[in-house]
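For what it's worth, the numbering used here labels the leading residue of the sequence shown as 852, then goes sequentially.
Beta carbons: idealized from backbone N, C-alpha and C, even for Gly.
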Amino acid sequence: MDYRRLIACHECDLLFRKPADVGARVASCTRCAAKLTALAGAGGSLDHICAVTLAALITFCIAQAFPVIELHANGMNSEATLIGAVRSLWSGNMRAVAAMVFCASILFPLIELSAFLYLLVPLRIGRLPPRFNRALRVVQLVRPWCMVEVFMLGVLVTIVKMVSIADVIAGPGLFAMAGLTGMMAVVASFDPGRLWAVHERLTSDRTTGIRWSRVGDRRERLMRPQPAREWTSSSASTARHAGLVCCHACGLVQAHAEGRTRQRCWRCGHPRHQRRPDSLTRTTSLLLAAVFTYIPANLLPIMHASSLGRSEDDTILGGVAYFWTSGDWPLAVVVFVASVLVPMLKLAVLTLLTLSARRESAWRPRECTALYRLVERIGPWSMLDVFVVTLTVTLVHFGSFAVITAGPAALAFAAVVILTMLASHQFDPRLIWDNVDAGKRRAPTNRRNAR
Ligand SMILES: [Zn+2]
Ligand SMILES: [Zn+2]
C-alpha cells in the first residue's frame, strides 16, 4: 500500500485519502475542523510565493535601515530604528528582553525569509538545493516565533501613546514595516510541507528504495517503510490504530514499529512519534513556570519614568487604567486584551486541556481542539506590551527633561509569553481525541458484557 496517498490530521490523527487535486481550496478535517496540511494544491503557486518572499526580504532591509518613529519635544529630537531599539534595551541592563525582541522582530524573520528563498529559487528552476531538509526544518522552526505583525501593532500603539506628549513623525521604516507585515502574512500562508511534493517530483527518477540523508552529525541510512498491515476505514480510522505515524515535520504517513525508540522519518529524518513524548509533563511544567512568572509580571513596574526630578513607576494594569481615565479607551482596550486577557486566556485554556487529558476526559473534543488552535494563534500577540516598552524606552531619553527605562516586569512578561508559547507547542492535541477513541472502543465491550 502506498502511504503517500494518505494524510493524517495533525490535531486528531484521523486518516484521509489525499484528493488527487484540491486546486486552491482548503481541505479541513471532518472530525476536528483543522486545516489539513501537505496538500499539493493548497495555497499560491511557487512563482507567486517566490516573488513575495524576495520582495519581503528587500522590504525587510529597508525597514532596518530607516527610523520607524521620530519624536520632537521642546526642541529635542529622538528616533527609533529596529536595531536601535534593541541596542537601547541592551545598554539599559535588559539584555534578556533585548535578545527576545531581537530574535522575534529581526533575526527569525530574516532567517525565515532567507531560508525560504534559498529553497524556492532552485526549486522553481527544477533543481534541488543542497541540505533541503535542514533549510525546510529551519523555516518550520522559526516561523511560530516571527512577530513582525505584533511589532507593527506595537509601533502603532506607541505612536498613539506619544502623540499627547510630543510631535510624532512616521519614519520611512514604518511604511516599510507595514509592507513587510502584509508580505509576511502571505509568506506565512504558504505551507512549507508543500515543497516536499516538489522535492519528490524532482527525485522520483532517482528513487531506488534506499536514500542517504544527513541527520545530526552522522550519516544515517533511512529505509522506505515496509507496510505493517493492510487496513480498511472500518477497522482503523486513526493513524495510530492503523499502526501508522504521521511525521510532524513533513506530514508523511508511514509505518510505525511498536516498541522501537529513536525512530526517524524516512523522508526528512526528523524524529517521529505517534504522540509527542512526555507531552503532558512538559506542558504542565511550562504552565506552572508561566503562572508563577505571571504574578510578578503584573505586580512589578514595567516602566520607570523620570521627568524634571520626579519619578514614577508604571505597572501594566496602571497603564491600562491611565489610558482609560485619560479618554484613550481604544488604546486601553487594545493593551488590556493583548497584555492581560490573552495571557490569562492562554493559561486558563492550557490548564483546562492538560487537566482534561490527564483525567482521560472525552468532554467536548471539537471545542477543546478549537480552543487549542485559538491559543496557538493568539500566542505571540501578548508580546505587544514588550514591543511598546522597547520603543518607548528608545524614544524617550531627553536627558534631565524626561527619561523612561524598562522595569523588571518587562522581563517577567516576556518570559510569560515565551513559556506559554512553549507550553502550547508541547501539548499534543491528539491526546484529546485519544480519550474519545478509547471511549468508543470501550462502549461495544461494555454493551456485550451487559448482555
Ligand atoms: Zn482532525
Ligand atoms: Zn518527515
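Is it right to say residue i is buried, meaning 16 or more other beta carbons lie within 10 angstroms of its own, or is it exposed?
i               : result
threonine 1058  : Only weak support is given to the placement of threonine 1058: the predicted model assigns it a pLDDT of 46, under 50, and the value that follows is read from those uncertain coordinates. Classification of threonine 1058: exposed, given that the 10 Å Cβ count is below 16.
leucine 857     : buried
alanine 931     : buried
methionine 934  : A quick correction: the sequence has isoleucine, not methionine, at residue 934. Exposed, since its Cβ has fewer than 16 Cβ neighbours within 10 Å.
asparagine 1149 : buried
arginine 882    : buried
glutamate 963   : buried
proline 1128    : exposed
valine 1237     : buried
aspartate 1288  : buried
serine 1233     : buried
isoleucine 1255 : buried
valine 1185     : buried
aspartate 898   : exposed
isoleucine 957  : buried
isoleucine 1016 : exposed
tryptophan 1284 : buried
valine 903      : buried
Mapping the DSSP letters down to three states, classify residue i as helix, strand or coil.
i                 : result
glutamate 1163    : strand
asparagine 928    : strand
valine 1323       : As displayed, the chain neither begins before 852 nor continues past 1302, which places residue 1323 out of reach and without an answer.
valine 1306       : Outside the modelled stretch of the chain, which goes from 852 to 1302, sits residue 1306, for which no answer is possible.
alanine 1257      : strand
threonine 1089    : strand
histidine 1121    : coil
isoleucine 920    : strand
arginine 856      : helix
cysteine 901      : helix
tryptophan 1063   : Confidence at tryptophan 1063 is low in this model, with a pLDDT of 34, below 50, so its placement is unreliable and no value can be given for it.
cysteine 804      : Past the boundaries of the shown model lies residue 804; the chain is included only from 852 to 1302, so the question cannot be answered.
phenylalanine 911 : helix
isoleucine 962    : helix
lysine 869        : coil
aspartate 1042    : coil
arginine 1070     : For arginine 1070, the predicted model reports a pLDDT of 33, less than 50, meaning its position is unreliable and no value from the coordinates is stated.
serine 879        : strand
arginine 1115     : strand
histidine 1248    : strand
alanine 1208      : helix
Given a cut-off of 8 angstroms, decide if residue j and residue i are closer than it, judged by their beta-carbon atoms.
i                 : j              : result
phenylalanine 917 : glycine 1022   : yes
alanine 1027      : isoleucine 913 : yes
histidine 1099    : histidine 1121 : yes
glycine 1044      : cysteine 1101  : yes
arginine 978      : cysteine 901   : no
leucine 968       : proline 980    : no
arginine 1281     : aspartate 1018 : no
alanine 1274      : alanine 1141   : yes
valine 1247       : valine 1226    : no
glycine 1033      : valine 919     : no
alanine 885       : arginine 1215  : no
serine 879        : leucine 887    : yes
arginine 1241     : leucine 940    : Checking the displayed sequence, the identity of residue 1241 turns out to be threonine instead of arginine. Yes, the Cβ-Cβ distance between threonine 1241 and leucine 940 is below 8 angstroms.
phenylalanine 911 : leucine 992    : no
valine 948        : alanine 1265   : yes
valine 1104       : tyrosine 854   : yes
leucine 908       : leucine 1235   : no
serine 1177       : alanine 1253   : no
Does the beta-carbon of residue i, which I'm using as the reference point, lie nearer than 7 angstroms to any heavy atom of ligand 4?
i             : result
cysteine 1219 : What this structure holds is ligand 1 and ligand 2, not ligand 4.
Would you please state the rounded distance, in angstroms, between the beta carbons of residue i and residue j? I believe it to be under 8 angstroms.
i                  : j                  : result
isoleucine 1153    : glycine 1258       : 5 angstroms
cysteine 1119      : asparagine 944     : That pair is no contact at about 42 angstroms.
isoleucine 1167    : alanine 1260       : 7 angstroms
alanine 1039       : arginine 994       : 7 angstroms
glycine 1290       : alanine 1213       : 5 angstroms
threonine 861      : cysteine 1219      : Before going on, a small fix: residue 861 reads as histidine here, not threonine. Going by Cβ atoms, the distance from histidine 861 to cysteine 1219 rounds to 15 angstroms, so no, they are not a contact pair.
isoleucine 1020    : glutamate 921      : 4 angstroms
threonine 937      : leucine 1182       : A quick correction: the sequence has valine, not threonine, at residue 937. Actually they do not touch by this definition, with Cβ atoms about 24 angstroms apart.
leucine 1131       : arginine 1209      : 6 angstroms
glycine 1230       : methionine 1272    : 4 angstroms
threonine 1205     : phenylalanine 1143 : At roughly 16 angstroms, the Cβ-Cβ gap does not stay under 8 angstroms, so threonine 1205 and phenylalanine 1143 are not in contact.
valine 1000        : alanine 1048       : Checking the sequence shown, residue 1000 turns out to be glutamate, not valine. Glutamate 1000 to alanine 1048, Cβ: 28 angstroms. No contact.
phenylalanine 1249 : methionine 927     : 5 angstroms
valine 1011        : aspartate 1179     : 7 angstroms
For a cutoff of 8 angstroms on Cβ pairs, would you count residue i as touching chain D?
i             : result
arginine 1127 : Absence of chain D from the displayed structure is noted, only one protein chain being present.
Original post:
Going along the chain, which unbroken runs of the beta strand (DSSP E) with 3 or more residues stay wholly within the region 1146-1193?
Top reply: 1154-1158 and 1161-1165
Original post:
Which full runs of the beta strand (DSSP E) of 3+ residues lie inside the region 986-1031, going along the chain?
Top reply: Runs of the beta strand (DSSP E) lying entirely within the region 986-1031, each at least 3 residues long, are 1018-1021 in chain order.
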